[in-house]
Amino acid sequence: MIRISNIKIKEDLNKEQLIKFVAKKFKLDENKINNWYIFKKSIDARNKLDIFYNYTIDIDYKENLKRFDTVDEEQAKQDLIVDVKRRPNLPVVVVGAGPAGLFASLTLVRNGIKPIIIEQGKTVDERKKDIDNFINSGVLNTSSNVQFGEGGAGTFSDGKLTTGIHNKDCRVVLKEFFKFGAPEEIMYLNKPHIGTDNLINVIRNMRNEIIKLGGTFLFNTKLEDINIKDNKIDSVVCNSKIIKTDTLILAIGHSARDTFQMLKSKKLDMERKNFSVGVRIEHTQEMINKSQYSDSCKLNLPPAEYKLACHLENRDAYTFCMCPGGVVIASSSEENTIVTNGMSYYKRDGKNANSALLVNVKPTDFEGNDPLSGIYFQRDLENKAFLLGGSNYFAPVQLVKDFLNDVESTKLGSVIPTYKPGYKLSNLGTIMPDFVKDTLKEAIPYFGRKIEGFDRPDAILTGIETRSSSPVKIIRNLQGESNISGIYPCGEGSGYSGGIMSSAVDGIRIAKNILNKS
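Residue 1358 is where the sequence shown ends in the working numbering, and the numbering goes up by one at each step.
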């Protein structure tokens, strides 16, 4: 298998045209091509007058051509199967059916271990009904929402698979998602996404595979307590029922605040960690496209994205979870709070683009040594946003020009907020800590110099964004165990990942550690 990289193409080619182009350009005999696939595809728009697609292609060729790189075929065949040493007497209990919990469970069942998966929310289809009801009526189900339920928070955030980690299991995760119904493009796009609409089907298919192989799902089932004997996990209490286990995977999400409180009372080692808070910023997607692309480009380009960061004197500011053609979605999980997030469907064909605009929060920002101080800080901001929004889970919004001038907005410009159930024109600065407000005021004009129009006066800020990552880390050793034997903290909520891809990889890692423990 040979790999051909840095293939620059300024045309929109289908797959048949693409392989003919490559064969001609690199003088390959098409009759000697057994098989081929796109390994990577990206858009190079650094020079707006010279935008092109950049491909990397793997080809199973009948001859050994030394002028090209070869592919490590063993690595390409990487999967979830391991040499199992574990011989359990009790079931493995997995708490949480987000990407970490699902991929941990999938790894276990593929290797003959049949887990019990506990999820306080509902199945992904029932969950979507509750989310739609909240968006349309303002009636919140605190157990079934954007934060809680099968698939985790990322299910209703476009299904982005971008990650900063470099791990061989990233490819495994992509292969599994594709197997369960994700678009083929996720296997090679530089910035892959599944789309919330597709991800719902993918998650359902994953669940059915785990059940077919012997796993058990308990939905609407909350982890209420854990029983510990001789510093080892002995059992868990769920909906007042006891399940005996010697292995517990804590794949809880970053919003499982009651669970964090319970774990703290059980003396699990936890510590504060860095996290971020801020707002969602909305522009028209047309404006972002014009800023990122050239009007003269003839390629059929997807909706443009961006990623921005600045390092200021005392704080960092950055954009996160950018949703081209998406909406700002109501993501509260507790009553009388406002939490925002971004969401896109696969086509990303909405009128607006939105992104989180965040400022870092440090453990040293809080007095004392309570590991849950960040949670209390988040909740306070969310409650203030609820009060500022007025009623019925309306979110407070403000025009950029008014935010920079610290005055309440009174009318909209050309950008219309997408947040539902509704919004109220407000002054977001009145509920922000000074370090957040001042940093955003400095960052927005700076980003406007990077992307033309980012700081346009009528861009919309919607508050408040607090759940970009967990403010808590549950300490674990090199084998993934906490200070309580048999308890394995895992994924984003436990402080070991950020996003779908890294959470899934962490779930695989923990499951393999358990399988390899004799």
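Note that the Cβ used here is the ideal one computed from N, Cα and C, for glycine as well. None of the values given here were measured: they were computed from a predicted structure.
- Counting along the chain, F1217 sits inside the alpha helix (DSSP H) bounded by residues S1213 to G1229.
- Each residue's CA atom was taken as its position, placing P928 and G1347 some 19 Å apart.
- The alpha-carbon of Y901 is positioned some 58 Å away from that of S1213.
- Residue environment for T982: exposed (fewer than 16 other C-beta atoms within 10 angstroms of its C-beta).
- Beta-bridge analysis with DSSP links V1119 to L1197.
- Shown here, A944 sits in a helix according to DSSP, grouped into three states.
- With respect to N1232, S1249 sits apart: the two C-beta atoms are not nearer than 9 Å.
- For secondary structure counted as the beta strand (DSSP E) over 3 or more consecutive residues, the stretch 1063-1118 holds these complete runs in sequence order: 1063-1069, 1072-1078, 1081-1084, 1087-1090 and 1110-1112.
- Counting along the chain, the unbroken beta strand (DSSP E) around N846 starts and ends at I842 to I849.
- Per DSSP, the beta-bridge partners of S882 are N894.
- The residue from I1350, Y1336, K1241 and T1306 with its alpha-carbon nearest to that of A1299 is K1241.
- In this structure, E966 sits near G989, with a CB-CB distance shorter than 9 Å.
- Contact annotation: I957 and G991 have beta-carbon atoms that are not nearer than 9 Å.
- Judged by DSSP secondary structure, I1043 falls within the alpha helix (DSSP H) whose first and last residues are T1036 to K1052.
- Counted as a single uninterrupted DSSP element, the beta strand (DSSP E) harbouring F1057 occupies residues T1056 to L1058.
- Per DSSP, the beta bridge partners of H1151 are D1156.
- The beta carbon of K962 is closer than 8 Å to those of D970, S983, S984, G989, E990, F1059 and N1060 in its chain, skipping five residues each way along the sequence.
- Judged by DSSP secondary structure, V934 falls within the beta strand (DSSP E) whose first and last residues are V932 to V935.
- The beta carbon of P1261 is closer than 8 Å to those of F974, I975, N976, S977, G978, A1170, N1232, Y1233 and F1234 in its chain, skipping five residues each way along the sequence.
- The shortest CA-to-CA distance from K917 to any of T1279, V1013 and N894 is the one to V1013.
- In this chain, the alpha helix (DSSP H) harbouring L1014 covers D1009 to K1019.
- Taking every protein chain shown into account, the CB of D1295 has 16 or more other CB atoms within 10 angstroms, so this residue is buried.
- Taking one beta carbon from each stretch, the stretch 1118-1137 and the stretch 1206-1223 have fewer than 3 pairs nearer than 8 Å; the two do not touch.
- Per the coordinates, the alpha-carbon of I859 lies some 17 Å from the alpha-carbon of M1027.
- C-alpha of V1042 to C-alpha of L1244: approximately 42 Å in a straight line.
- Rounded to whole angstroms, the Cβ separation of R950 and L1053 is 7 Å, and the two are in contact under 8 Å.
- Secondary structure at G1269: helix, using DSSP grouped into helix, strand and coil.
- Using a Cβ distance threshold of 9 Å, T1177 and A1225 count as a contacting pair.
- When beta bridges are read from the DSSP output, L1280 appears opposite no residue.
- Contact annotation, G936 with I1034: C-beta distance approximately 19 Å; criterion of less than 8 Å not satisfied.
- Residue nearest to K1107 within the set I1324, E851 and N1353 is I1324 (criterion: CA-CA distance).
- If the five residues before and after K1352 are omitted, its C-beta is found closer than 7 Å to the C-beta atoms of V922 and T947, all from its own chain and listed in chain order.
- Beta-bridge annotation (DSSP): Q1238 is paired with L1301.
- In the three-state reduction of the DSSP assignment, I1178 falls in the coil class.
- Contact between G1055 and K954 holds: CB atoms are separated by about 6 Å, below the 8 Å threshold.
- Residue environment: I1350 is assigned as buried (16 or more neighbouring CB atoms within 10 Å of its CB, all protein chains considered).
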